[in-house]
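Participant: Take this structure, written in structure tokens, and hold onto it; I'll ask about it next.
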Amino acid sequence: MKKFVEFFTSLKLTVVLLAFSIVLVFVGTLAQADEGLYGAQAHYFKQWIVIGAHMFGHKIPLVLPGGYLLGVLLLVNLVTTHVYRFELTWKKTGIQLAHAGVIVLLVGQLSTDLLSRELQMRFTGGESRNYSDSATQYELIFRNGDEVTAIAEKILKPGTELKLASLPFTIRVKEHWRNSDLNFRAPMMQNAPPLTTNGVALNFDFHQTEDVKTTDQRNVPTLLLEFLTPAGSLGAWVASDWCGDAALVAAVRDGYAQMGASMAQKIAGALTAPQSLTVDGKNYTFLVRPARVIHPFMLTLLKATHTTYPGTDIPKDFRSRVRIDNQASGEHREVEISMNHPLRYGGYTFYQYQMDAGEMAAQAGRKPSSVLSVVRNPGWLTPYIGCTMVGIGLTIQFLYHLVGFVTKKRTP
Amino acid sequence: MKMILQKWTPPFLLLVMALWFFGNASAPKDKTFAYGEFSQLPVTFNGRVKPMDSVARNSLLEIREKQTLNTEPWKAWNEQPKIISASEWLANVMMNSAVADDWPCFRVDNPDLISLLKLPEKSAKSDGKHYSWNQLMPMFDTLAKENARVEKVESASRTAYENAIAKLEQRVSLYAQLRNTLQPADIQNWPLQLAEYERLIPLGLAAAQAQQAGRQFDQTNFNIFVGYISTFQFMAGLEAPLVLPPADGEHQWRRMSDALLAAPKGKPLDAAVHDYAKLCGALAANQPDQFNAALADLRSEIARTQPQALDKARAEVFFNRMEPFYNAMVIYILAGLLAVFSWFNLSETLRRSAVWLTWLALAIHTTGLVYRMVLEGRPPVTNLYSSAIFIGWGSVVLGLILEKFHKNGIGIVVASVIGFLTLIIAHHLALEGDTMEMMRAVLDTNFWLATHVVAVTVGYASTYVAGFLALIYILRGVFTKTLDAATGKSLARMIYGIVCFATLFSFVGTVLGGIWADQSWGRFWGWDPKENGALIIVLWNALILHLRWGGIIRERGLVNCAIFGNIVTAWSWFGVNMLGIGLHSYGFTEAAFKWLMLFVVSQLGCIALGLLPLKWWKSFSRAPVNTPA
Chain A
0 MKKFVEFFTS LKLTVVLLAF SIVLVFVGTL AQADEGLYGA QAHYFKQWIV
50 IGAHMFGHKI PLVLPGGYLL GVLLLVNLVT THVYRFELTW KKTGIQLAHA
100 GVIVLLVGQL STDLLSRELQ MRFTGGESRN YSDSATQYEL IFRNGDEVTA
150 IAEKILKPGT ELKLASLPFT IRVKEHWRNS DLNFRAPMMQ NAPPLTTNGV
200 ALNFDFHQTE DVKTTDQRNV PTLLLEFLTP AGSLGAWVAS DWCGDAALVA
250 AVRDGYAQMG ASMAQKIAGA LTAPQSLTVD GKNYTFLVRP ARVIHPFMLT
300 LLKATHTTYP GTDIPKDFRS RVRIDNQASG EHREVEISMN HPLRYGGYTF
350 YQYQMDAGEM AAQAGRKPSS VLSVVRNPGW LTPYIGCTMV GIGLTIQFLY
400 HLVGFVTKKR TP
Chain B
0 MKMILQKWTP PFLLLVMALW FFGNASAPKD KTFAYGEFSQ LPVTFNGRVK
50 PMDSVARNSL LEIREKQTLN TEPWKAWNEQ PKIISASEWL ANVMMNSAVA
100 DDWPCFRVDN PDLISLLKLP EKSAKSDGKH YSWNQLMPMF DTLAKENARV
150 EKVESASRTA YENAIAKLEQ RVSLYAQLRN TLQPADIQNW PLQLAEYERL
200 IPLGLAAAQA QQAGRQFDQT NFNIFVGYIS TFQFMAGLEA PLVLPPADGE
250 HQWRRMSDAL LAAPKGKPLD AAVHDYAKLC GALAANQPDQ FNAALADLRS
300 EIARTQPQAL DKARAEVFFN RMEPFYNAMV IYILAGLLAV FSWFNLSETL
350 RRSAVWLTWL ALAIHTTGLV YRMVLEGRPP VTNLYSSAIF IGWGSVVLGL
400 ILEKFHKNGI GIVVASVIGF LTLIIAHHLA LEGDTMEMMR AVLDTNFWLA
450 THVVAVTVGY ASTYVAGFLA LIYILRGVFT KTLDAATGKS LARMIYGIVC
500 FATLFSFVGT VLGGIWADQS WGRFWGWDPK ENGALIIVLW NALILHLRWG
550 GIIRERGLVN CAIFGNIVTA WSWFGVNMLG IGLHSYGFTE AAFKWLMLFV
600 VSQLGCIALG LLPLKWWKSF SRAPVNTPA
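Heads up: the sequence lines are chains A and B, in that order.
For reference, each letter of the first sequence is one residue, going 0 to 411 in numbering that gives the first Met the number 0.
For reference, each letter of the second sequence is one residue, going 0 to 628 in numbering that gives the first Met the number 0.
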């Protein structure tokens, strides 16, 4: 125990951890050019041990402690030192307060990492939403009347067979592509055989693509599934986010615009045609969509405004005016959400994220629309508290030194 | 006598430099055409109201990389080539293209580009670097074709030649905008043509309506009218500056082309349109008196409708002419030299002179900083350019405070060297265009700009001060005999104190940045490159402090660590922007990358010097004991 305390309260450990942190942050920043922001976060920071790194387009063999490991060790180092070295003297107040603040920050970040959820709410003017979509996670859903079964994307690994009580068939996952693209199977062309002869795959070829690298793009997953009943197979089917997302469908339609508006419309129609299975006289429609969180209240987009500086395209302001309707609390009120002015409501925070409004949208004939980023983070206050503590602590310490320095100068 | 000299030299030097500064700032008299007054006219460009002078200077900076135009660049400096002001250049580009289009204002350096465009090499009538619009014009198609290819290449992987293509294309299109700002470019006698257009409006409209309805119409009137409209539509497509103040009862500034195209829709042309036309006519016809009279009319018209815009424009012209940062830079050099000399002959007069001059430079620097803040209505740092100015300012203040306590010239050298370097960096960043650009939506918040950005930049400034103090320690120690034990000790104490200060500010600034991100995007920390850069500064400073407390490093270790702090800060300030990723990326410039690398190598070199055994240091190589035999 004594050895343990000695090790964890040593200043040398702090120094080593700080040095490794610097190296890790530097490597993790450089790697973003190759691996993308999300990739680098997962590889370096949200990680215990980092093996191999990317720098300037080259793979470099090296092993580093990951962000989690360094964070936890620093936390242990700080807490034990605090416990065993605590002294209530003026000389130490500042330093101790500052370090306590760092503890708050570290704990806060760890809790944010574990507990926070990032979602999005997208709507056009006049629409209402009582749910938010995940920006990064998807789910496979089966709908039979009002009954909905949702399966998270991450448990649908290739080769898995799933049998759920609410569904009268077994799902066998044949392929799971985290990001995918598609091509229209034009008739009269020399096409390779389709992935499967059911549903949307008859008209479209889906194929896997690399994961996206930047935060303003997102993966579009596609699944190749087979449904099995005791009576036999219902065949293989493709389920893809390409078929359900309005923006993606519009992009596909615009991509085939040169084939004529009606043909493009037909292609879009083939993409969105619902796919369903009939088992024991019951009809199950299935699709892939972003994972959804249902709120006990409803937001309605009343107005989306996008202003630019005169004579330029430089955005000056984005703001969404929304109405909150909460039956439980009887609230019906309007609020304005703009850049730097989020709405905190019902345990979630709603931020102005993207916007398609103003002259550009009007000229292209699109209705104004707005995307809110919706975040649930129970630890959101910790940075405020931690920062205040460190700021005050370091200021006290600094003034203590400065006063000492000046008085020493005055009385040689 | 000597006493008097010692006493009065510093104030005398200060007076001389102050007079030099005021002499630079005073306005030159207009001899014929009142270009000085023209330069004060307010216009709206890049989203803000500014004087013609700023449009002129920024455009010329972008096109020629200088704020003045040499119309005879092939002459050596002693042959007295004709140099004209940016405003005179702009007035002629806008209103007298017959003359301006022959001025060699486009700077082209890349030899491949010069040969692609078949431009003349160095000769009696060309300096092989500067070319006119008329010289470039025959090759516009070639340039556009190359540019279409270059646009598909990602900016980070472009060659020097491809960068030169993209740059020249930008310069040409800016020039094209300016030519079509006040009148259709290449038009003969604009006032006459404008009157003709106004006369034709009802006739042309009638003809157009008749043609639509399939009735008989006046073909001549119709053709001329349609000709005017298509010329004005071409002007409108270029998105030139908005020169016309809001019409009565409206709020929006307008382009000349907007007003011309709105006339047939029943909006009569206002006085400003006619006044500008008179200006154009008078300049093209070389009639200074008419030009100045029309200008006076136009100014009184704007003074009536837009008094605030006119005042703001005049204030900005004064600021442009004052060039506070350039002048401060020159005085910093002088002060730094005096302070360095003071170490060698240990002259108190030299040191005091350096202190006085640094105060003068700081006063000018501060005036510029505050003036900018008032003009913009913003906290001091809004972009990379102003961050350089503010880092310099903060470092100079810190250096002067150190000098106040230690009185050994060290604070002054640090202040003046960092002041000079940061202002030189700012000077080069200003080549990118308007330094008072508008803030994008997410940045449009004075609260966070005033807290987070200022705290982080003070953190940068103080880390640099510590680093430069350390450089002085090493350079004086290794190369001179002036570093005695007491000076070394006091330097180490200064470095330690400044590192504490830097830790405080960079930590608070970084966390405030996280809180801002939480307020606008819903995440406190996102591992964005700029965030990471700031975090590394905090960690590095914290590391230095812990190493020191643990006794793992002593005086020399501290000094070497502080120098490495310079590299860490440069990486965060510029390096991460060059990665071309993340929320704070401003694009990759080869020149900036080269300088950054040079800086890093020089700092590593100094650290290597710092690691040399003490017996090779000039200051410590003397025999340890000097007792008489």
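The C-beta atom is built at its ideal place from N, Cα and C for all residues, glycine as well.
Flag this pair as yes or no: are the beta carbons of residue 337 (chain B) and residue 399 (chain B) separated by less than 8 Å?
Facilitator: As a first step, residue 337 (chain B) is located in the second sequence; it is residue number 338 there, counting from the start. As a first step, residue 399 (chain B) is located in the second sequence; it is residue number 400 there, counting from the start. No, these two residues do not count as a Cβ contact at 8 Å.
Participant: Using CA atoms only, rank isn't needed, just tell me which of A:30, A:198, A:149 is closest to residue 56 (chain A).
Facilitator: Within the first sequence, the letter at position 57 stands for residue 56 (chain A). The shortest Cα separation from residue 56 (chain A) among A:30, A:198, A:149 belongs to A:30.
Participant: State the DSSP-derived secondary structure class of residue 351 (chain A), mapped to helix, strand or coil.
Facilitator: Counting from one through the first sequence, the residue named residue 351 (chain A) turns up at place 352. DSSP places residue 351 (chain A) in strand when its eight states are reduced to three.
Participant: Would you mind telling me which residues of chain A sit closer than 7 Å to residue 440 (chain B), beta carbon to beta carbon, in chain order?
Facilitator: In the second sequence, the residue the question calls residue 440 (chain B) occupies position 441. By Cβ distance, chain A contributes 314, 315, 316, 317, 338.
Participant: Excluding the five sequence neighbours on either side, which residues of its own chain have a C-beta within less than 7 Å of the C-beta of residue 320 (chain B), listed in chain order?
Facilitator: In the second sequence, counting from the first residue as 1, residue 320 (chain B) sits at position 321. Excluding residues within five positions, the ones whose Cβ falls inside 7 Å are 24, 26.
Participant: When the Cα of residue 292 (chain A) is compared with those of A:308, A:224, A:138, which residue comes out closest?
Facilitator: Walking along the first sequence from the start, residue 292 (chain A) turns up at place 293. Selected option, being the one with the closest Cα: A:138.
Participant: Taking 8 Å as the threshold (C-beta atoms), are residue 219 (chain A) and residue 178 (chain A) in contact?
Facilitator: The count along the first sequence starts at 1 and reaches residue 178 (chain A) at position 179. The count along the first sequence starts at 1 and reaches residue 219 (chain A) at position 220. Yes, the Cβ-Cβ distance between residue 178 (chain A) and residue 219 (chain A) is below 8 Å.
Participant: Identify which residue in B:292, B:271, B:49 has its Cα closest to the Cα of residue 656 (chain B).
Facilitator: There is simply no residue 656 (chain B) to check, as chain B begins at 0 and stops at 628 in what is shown.
Participant: Is residue 274 (chain A) helix, strand or coil when you go by DSSP?
Facilitator: Taking the first sequence and counting its residues from 1, one reaches residue 274 (chain A) at position 275. Correct three-state label for residue 274 (chain A): coil.
Participant: Would you kindly work out how many angstroms separate the C-alpha atoms of residue 90 (chain A) and residue 96 (chain A), rounded to a whole number?
Facilitator: Taking the first residue of the first sequence as 1, we reach residue 90 (chain A) at position 91. Taking the first residue of the first sequence as 1, we reach residue 96 (chain A) at position 97. For residue 90 (chain A) and residue 96 (chain A), the distance between alpha carbons rounds to 11 Å.
Participant: Beta-carbon separation of residue 8 (chain B) and residue 434 (chain B) under 8 Å?
Facilitator: Residue 8 (chain B) sits at position 9 when you count from the first residue of the second sequence. Residue 434 (chain B) sits at position 435 when you count from the first residue of the second sequence. Against a cut-off of 8 Å, the Cβ pair of residue 434 (chain B) and residue 8 (chain B) comes out as no contact.
Participant: Can you find at least 3 beta carbon pairs, one from the stretch 296 to 304 of chain A and one from the stretch 123 to 133 of chain A, that sit closer than 8 Å?
Facilitator: Touching, yes.
Participant: Using the beta-carbon of each residue, which ones in chain A are nearer than 9 Å to residue 519 (chain B)?
Facilitator: Walking along the second sequence from the start, residue 519 (chain B) turns up at place 520. The answer, in chain order, is 338, 339, 340, 341, 350, 351.
Participant: Which residues in the same chain as residue 221 (chain A) place their Cβ atom closer than 6 Å to its Cβ, once the five residues preceding and following it in sequence are excluded?
Facilitator: Translated into positions along the first sequence, residue 221 (chain A) becomes position 222. Excluding sequence neighbours, residue 221 (chain A) sits near 176, 179, 205, 239.
Participant: What residues match up with residue 417 (chain A) in a beta bridge as DSSP calls it?
Facilitator: Coverage of chain A is limited to positions 0 through 411, which leaves residue 417 (chain A) absent and any answer about it impossible.
Participant: Find the residues of chain A that neighbour residue 502 (chain B), judging by a C-beta separation of less than 7 Å, and give them in chain order.
Facilitator: Mapped onto the second sequence, residue 502 (chain B) falls at position 503. Result: 393.
Participant: Can you tell which of B:498, B:466, B:620, B:547 has its C-alpha closest to the C-alpha of residue 643 (chain B)?
Facilitator: Outside the displayed range of chain B (0 to 628) lies residue 643 (chain B), so it cannot be described from this structure.
Participant: Could you pull the DSSP bridge partners for residue 174 (chain A) from this structure?
Facilitator: Within the first sequence, numbered from 1, the residue matching residue 174 (chain A) stands at position 175. The partner list for residue 174 (chain A) (beta bridge, DSSP) reads A:223.
Participant: Leaving out the 5 sequence neighbours to the left and right, which residues in its chain are closer than 7 Å to residue 346 (chain A) when beta-carbon positions are compared?
Facilitator: Here residue 346 (chain A) corresponds to residue number 347 of the first sequence, with the count starting at 1. The answer, listed in chain order, is 375.
Participant: Give me whichever residues DSSP pairs with residue 58 (chain A) in a beta bridge.
Facilitator: In the first sequence, counting from the first residue as 1, residue 58 (chain A) sits at position 59. DSSP output for residue 58 (chain A) lists A:53 as bridge partner(s).
Participant: Do residue 369 (chain A) and residue 122 (chain A) come within 8 Å of each other at the CB atom, strictly closer than that value?
Facilitator: By 1-based counting over the first sequence, the position of residue 122 (chain A) is 123. By 1-based counting over the first sequence, the position of residue 369 (chain A) is 370. Cβ distance < 8 Å, so residue 122 (chain A) and residue 369 (chain A) count as in contact.
Participant: So, do the stretch 128 to 137 of chain B and the stretch 148 to 160 of chain B have three or more beta carbon pairs nearer to each other than 8 Å?
Facilitator: Judged by Cβ distances under 8 Å, the stretch 128 to 137 of chain B makes no contact with the stretch 148 to 160 of chain B, as fewer than three pairs qualify.
Participant: Are the beta-carbon atoms of residue 231 (chain B) and residue 260 (chain B) separated by less than 8 Å?
Facilitator: Reading the second sequence from its first residue, position 232 is the one you call residue 231 (chain B). Reading the second sequence from its first residue, position 261 is the one you call residue 260 (chain B). Cβ atoms of residue 231 (chain B) and residue 260 (chain B): closer than 8 Å.
Participant: Let's see if you can read the secondary structure: which residues bound the beta strand (DSSP E) around residue 83 (chain B)?
Facilitator: By 1-based counting over the second sequence, the position of residue 83 (chain B) is 84. 82 to 84 is the span of the beta strand (DSSP E), which, as asked, contains residue 83 (chain B).
Participant: Between which two residues does the alpha helix (DSSP H) containing residue 336 (chain A) stretch?
Facilitator: Taking the first residue of the first sequence as position 1, residue 336 (chain A) is located at position 337. Premise fails: residue 336 (chain A) lies in the beta strand (DSSP E), 330 to 337, not in any alpha helix (DSSP H).
Participant: Rounded C-beta distance between residue 308 (chain B) and residue 244 (chain B)? I'm assuming under 8 Å.
Facilitator: Taking the first residue of the second sequence as 1, we reach residue 308 (chain B) at position 309. Taking the first residue of the second sequence as 1, we reach residue 244 (chain B) at position 245. Contact flag correct, Cβ pair sits at about 7 Å.
Participant: I want to verify the contact list: residues of chain A whose CB lies under 7 Å from the CB of residue 545 (chain B), in sequence order.
Facilitator: As a first step, residue 545 (chain B) is located in the second sequence; it is residue number 546 there, counting from the start. Within chain A, the residues near residue 545 (chain B) are 10, 13, 14, 17.
Participant: From the DSSP output, which residues share a beta bridge with residue 133 (chain B)?
Facilitator: Translated into the one-based positions of the second sequence, residue 133 (chain B) becomes position 134. The partner list for residue 133 (chain B) (beta bridge, DSSP) is empty, contrary to what the question assumes.
Participant: When you compare the CB positions of residue 429 (chain B) and residue 472 (chain B), do they come within less than 8 Å of one another, or not?
Facilitator: To locate residue 429 (chain B), count along the second sequence from 1; it is residue 430. To locate residue 472 (chain B), count along the second sequence from 1; it is residue 473. No; because the gap between Cβ atoms is not below 8 Å, this pair is not in contact.
Participant: Should the stretch 504 to 516 of chain B be called in touch with the stretch 443 to 460 of chain B, which here means at least 3 C-beta pairs below 8 Å?
Facilitator: Contact holds: three or more Cβ-Cβ distances are below 8 Å.
Participant: Closest to residue 74 (chain B) by CA distance: which of B:53, B:56, B:118, B:126 is it?
Facilitator: Residue mapping note: residue 74 (chain B) aligns to position 75 of the second sequence, counting from 1. Closest option to residue 74 (chain B), Cα to Cα, is B:126.
Participant: Whole angstroms are fine: how far does the CA of residue 411 (chain B) sit from the CA of residue 354 (chain B)?
Facilitator: Here the question's residue 354 (chain B) lines up with position 355 in the second sequence. Here the question's residue 411 (chain B) lines up with position 412 in the second sequence. So the two alpha carbons sit approximately 6 Å from each other.
Participant: Taking buried to mean at least 16 other C-beta atoms within 10 Å of its own C-beta, is residue 136 (chain B) buried or exposed?
Facilitator: The residue labelled residue 136 (chain B) in the question sits at position 137 within the second sequence. So residue 136 (chain B) counts as exposed.
Participant: Tell me the rounded alpha-carbon separation between residue 422 (chain B) and residue 15 (chain B).
Facilitator: Your numbering for residue 422 (chain B) matches position 423 in the second sequence. Your numbering for residue 15 (chain B) matches position 16 in the second sequence. Using only the alpha carbons, I get a separation of about 22 Å.
Participant: Would you list, in sequence order, the uninterrupted alpha helix (DSSP H) runs of no fewer than 4 residues that lie entirely inside the stretch 92 to 129 of chain B?
Facilitator: Within the stretch 92 to 129 of chain B, the complete alpha helix (DSSP H) runs of at least 4 residues are 96 to 99, 110 to 115.
Participant: I'd like to know if residue 627 (chain B) contacts chain A, where contact means its C-beta is closer than 8 Å to some C-beta of that chain.
Facilitator: What you label residue 627 (chain B) is simply residue 628 of the second sequence in a count that begins at 1. Only weak support is given to the placement of residue 627 (chain B): the predicted model assigns it a pLDDT of 40, under 50, and the value that follows is read from those uncertain coordinates. With 8 Å as the cut-off, residue 627 (chain B) does not count as an interface residue toward chain A.
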